[in-house]
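Below is one structure, written out as structure tokens; the observations come after it.
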Amino acid sequence: MMSSLMESGLQYLLYFAVVYGATVTVYFATGIGITILNRRHPERRIQKTRNGDKRKWIEIRSSLSALAVSAAMLSFGYFAQVRGWTITPIETSWWSVPLMFAVSMVLYDAWFYWGHRLLHLKMFYRWHAPHHRSVAPTVWSNDSSTTIDTMIEHGYYLVVWFVLPMPALALAAQRLFDQVSGMIGHSGFEYFASPTSRWPSPMICTSFHDLHHSSFRYNYGNFFSIWDRMMGTVHPGYDGMVQDFETQDAPAAGEKPATGR
1 MMSSLMESGL
11 QYLLYFAVVY
21 GATVTVYFAT
31 GIGITILNRR
41 HPERRIQKTR
51 NGDKRKWIEI
61 RSSLSALAVS
71 AAMLSFGYFA
81 QVRGWTITPI
91 ETSWWSVPLM
101 FAVSMVLYDA
111 WFYWGHRLLH
121 LKMFYRWHAP
131 HHRSVAPTVW
141 SNDSSTTIDT
151 MIEHGYYLVV
161 WFVLPMPALA
171 LAAQRLFDQV
181 SGMIGHSGFE
191 YFASPTSRWP
201 SPMICTSFHD
211 LHHSSFRYNY
221 GNFFSIWDRM
231 MGTVHPGYDG
241 MVQDFETQDA
251 PAAGEKPATG
261 R
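Just so we're aligned: the sequence shown equals residues 1 to 261 in the UniProt record's numbering.
Written out as structure tokens, the structure reads:
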């Protein structure tokens, strides 16, 4: 009995170490890459008069702790699936992974929206407030959260194994996308403004979440603007801001687009 428990514990610790190590690697690789890109394009800064870089090391330390909490939940869900404690997953195939990836994206966005709104209620906000100390977020801000904050927003990665027949590869891909897109969304620099990131498209760009940090009471969604538009919490200036960035990128009348030559 004791031997079996120890074996199970070691197996879970191995899963946790792999997930946490991979997540931290993605965190630093993405952070460094986007930081280099941002330095080359200062004109892309969204909040022109603010610079959140002074909080960089505070956010990195906080993120390493929060990412451990997130990895613990994701790896336990996988551990439970391997042990047969969850719903039997769909067999991994060319169609099941993209299908469940898409389903999980939509479900996670709903989870995130309502969990995020919950954290903005007065009785819960103290656990979310440290994240909002970054009024002008940077690429390092995405995971700068308390344990309770992380458990609420990332609890999906523990629960989903028990309610969906989720192939592990599909959820791993979605978690990777969530990590990278979340860091881009907190980067404070806009590179993805286009008609696909404003009404009537459900997609978003970096300005969406940046407005959440600068105005606090709008734009709670993660991947999409669907819930914000349905619930009336989308920032009234968001679509106009996206159009302004599009205009900034468009060549002036009579000017030929750059050819790279």
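Backbone N, C-alpha and C define an ideal beta-carbon position, used for all residues, glycine too. Note that the coordinates shown come from a computational prediction; the quantities given were computed from them, not determined experimentally.
Is residue i near the ligand ZN, going by C-beta to nearest heavy atom under 7 Å?
i: Ser201; result: Absent from the structure shown: the ligand ZN. Ligands present: none.
Does the beta-carbon of residue i have 16 or more other beta-carbons within 10 angstroms, so that it is buried, or is it exposed?
i: Phe224; result: buried
i: Val97; result: buried
i: Met241; result: buried
i: Gly52; result: buried
i: Met73; result: buried
i: Trp227; result: buried
i: Leu211; result: buried
Round the Cβ separation of residue i and residue j to the nearest angstrom and send it over; I've been treating them as touching at under 8 Å.
i: Ser134; j: Arg55; result: 6 Å
i: Ala68; j: Tyr20; result: 6 Å
i: Trp140; j: Glu59; result: 4 Å
i: Ser214; j: Gln81; result: No, Ser214 and Gln81 are not in contact; Cβ-Cβ is about 40 Å, not under 8 Å.
i: Phe16; j: Ala71; result: 6 Å
i: Ile152; j: Leu119; result: 6 Å
i: Ser62; j: Ser8; result: Going by Cβ atoms, the distance from Ser62 to Ser8 rounds to 31 Å, so no, they are not a contact pair.
Is the Cβ-Cβ distance between residue i and residue j less than 8 Å?
i: Tyr220; j: His116; result: yes
i: Tyr27; j: Asp178; result: no
i: Gly77; j: Val160; result: yes
i: Gly188; j: Ala136; result: yes
i: residue 276; j: Ala173; result: The structure shown does not extend to residue 276, since the chain spans only 1 to 261, so no value can be given for it.
i: Ser104; j: Met166; result: yes
i: Thr206; j: Gly185; result: yes
i: Ala193; j: Phe245; result: yes
In this structure, how does DSSP classify residue i when only helix, strand and coil are distinguished?
i: Arg50; result: coil
i: Met241; result: helix
What are the uninterrupted segments assigned as alpha helix (DSSP H) that are 4 or more residues long and contained completely in the UniProt domain "Fatty acid hydroxylase" (102 to 233), given in chain order?
-> Counting only runs of 4 or more residues that sit fully inside the UniProt domain "Fatty acid hydroxylase" (102 to 233), the alpha helix (DSSP H) segments are 125 to 128, 147 to 154, 156 to 159, 168 to 185, 206 to 215 and 226 to 231, in chain order.
Within the stretch 65 to 108, note down every full alpha helix (DSSP H) run reaching 4 residues or more, in order along the chain.
-> Taking 4 residues as the minimum length, the stretch 65 to 108 contains no alpha helix (DSSP H) run wholly inside it.
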